[in-house]
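Engineer: Going by the numbering used here, the first residue of the sequence shown is number 34, and it counts up by one from there. Note that beta-carbon positions come from the ideal geometry of N, C-alpha and C, so glycine has one too.
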Amino acid sequence: MNIPEYEIYIQSYSWLPIVSVLLFLLSVALFESLQNKFISLLSLSLGAFALFSFMALADPFLHDWDEQYHALVAKNMINHFFTPTLLENPILYYNEIGGSAWIGTHIWIHKQPFFLWQMALSMKVFGVNLFAMRLPSILMASLLPILIYRIGTIIKSKYIGFYAALLFLASDFTLSLVSGRLNTDHNDVAFLFYVTASFWAWFEYKRSKNTKWLYLIGLLSGIAILVKWLVGLIVYAGWGLSILLDTENRAKVKSFFNIAKSLLITILVALPWQLYILWRFPRVSRFEYAYNSKHLWKAVEGHDGDWLYHFHRMDSLFAPYFNYLILIVFIGFLFIKIDRKYKIAITSWVFIVYAFFSIA
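And the structure:
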């Protein structure tokens, strides 16, 4: 597609960002004027869907890193859901294992499968095309504002929740992930969604004490593991510390029984796939597990840097001096008057995630 053809192509979808802005403005007006916030949230989510759809349609091609690999594996999985392959019928020599095997191998288990299953299912239903491949990311990104709204509402107020959700939609980083422009693309969108959903379920449980949320926490955390491996357990870190640092709750056996109940469900969701690939693809799976563990003590694939690496990377990922703005906002958060268990959980999630990826 040359430049004139692309200009004609993109103009055919130019109405989508206009619709999204109008829906965002409508959602603000409805939120400020109506007691029932459902319609304003619906408008916000529909606006998000229009915006993310435009971003997904704006690039009528696959991006090199890593979207082309994810798309090909997902396409191949349409025909064999539980056998992830990159090179479907390799006729030349290929590396089954090794640092570069994931860009030229047959069996592809370099990443956990759940986001690929979503992409494969979407393409099976809607056809093998770019929009269908990116549709799961569009839907998840469009639902995230609702989860953010609920979390903010439980922590502080409906206003905090709504405007935090609106602010999320201003992130160019998320838009680029949905469009496949940034590496790890749809994998990161799925991980963001399921981890945020596990946080949301935890906040709902702490608010209501209803046992159904325990099961949902376990399910969502298990799916998060099936997207980006053990970091999907992060909800339990904040949950556990909120118990241990509470003198009243840490003395109650029930507090630990509830977290164990959720964790058991997480294991039941995530473990079968790990056992399956160890049985079905023993050599490749053992290599991938060993290779992933290297991230903890060795810089691989050129991912090196000191402990401030991710802090400084925010400049290029979001906006100049955004890292310092985030730091100021986070320090301000520490002084906001909210439930202590919420503050402990959120603070621990931020520090543990940053520390983990700084080490990895």
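#1: Report back the beta-carbon spacing between A91 and I43 to the nearest angstrom; my notes put them in contact at under 8 angstroms.
#2: Suppose contacts are defined by Cβ-Cβ distances below 8 angstroms. Is I142 in contact with I310 by that definition?
#3: Using three-state DSSP, classify T118 as helix, strand or coil.
#4: Nearest-angstrom Cα distance between L253 and D218?
#5: Among W98, V52, F85, A197, which one has its Cα closest to the Cα of R183?
#6: In whole angstroms, what is the alpha-carbon distance linking V386 and L200?
#7: From the DSSP output, in three-state form, read off I140 for me.
#8: How long is the line joining the alpha carbons of F114 and S175, rounded to whole angstroms?
#9: Assign H103 to buried or exposed, taking buried as 16 or more other Cβ atoms, counted over all protein chains shown, within 10 Å of its Cβ.
#10: Expressed to the nearest angstrom, what Euclidean distance is found between the alpha-carbon atoms of L208 and F85?
#11: For K144, is the classification buried or exposed, using 16 other Cβ atoms within 10 angstroms of its Cβ as the cut-off for buried?
#12: Relative to the C-alpha of S212, which residue among A89, G365, L59 is closest?
#13: Which residue from K294, P146, L225, S76 puts its Cα closest to that of L177?
#14: Just checking, does the segment 337-349 make contact with the segment 221-238 on the three C-beta pairs under 8 angstroms criterion?
#15: Exposed or buried, K261, counting other C-beta atoms within 10 Å across all chains shown (16 or more means buried)?
#16: Less than 8 angstroms between the beta carbons of H139 and L120, yes or no?
#17: On the three-state DSSP scale, how would you describe P353?
#18: Can you list, in chain order, the residues of its chain with a C-beta nearer than 7 angstroms to that of K189? Leave out the 5 residues immediately preceding and following it.
#19: Quick one: is W98 buried, meaning 16 or more other Cβ sit within 10 Å of its Cβ, or exposed?
#20: Evaluate R373 with the Cβ neighbour count: other Cβ atoms within 10 Å of its Cβ, from every protein chain shown; 16 or more gives buried, anything less gives exposed.
#21: Quick check on V52: does DSSP put it in helix, strand or coil?
#22: For the alpha helix (DSSP H) containing L253, list its first residue and its last residue.
#23: How would you call R167, buried or exposed, if buried means at least 16 neighbouring beta carbons within 10 angstroms?
Structural biologist: Looking at the coordinates:
#1: 6 angstroms
#2: yes
#3: strand
#4: 20 angstroms
#5: A197
#6: 21 angstroms
#7: strand
#8: 26 angstroms
#9: buried
#10: 6 angstroms
#11: buried
#12: A89
#13: L225
#14: no
#15: buried
#16: yes
#17: coil
#18: I371
#19: exposed
#20: exposed
#21: helix
#22: 245-261
#23: buried
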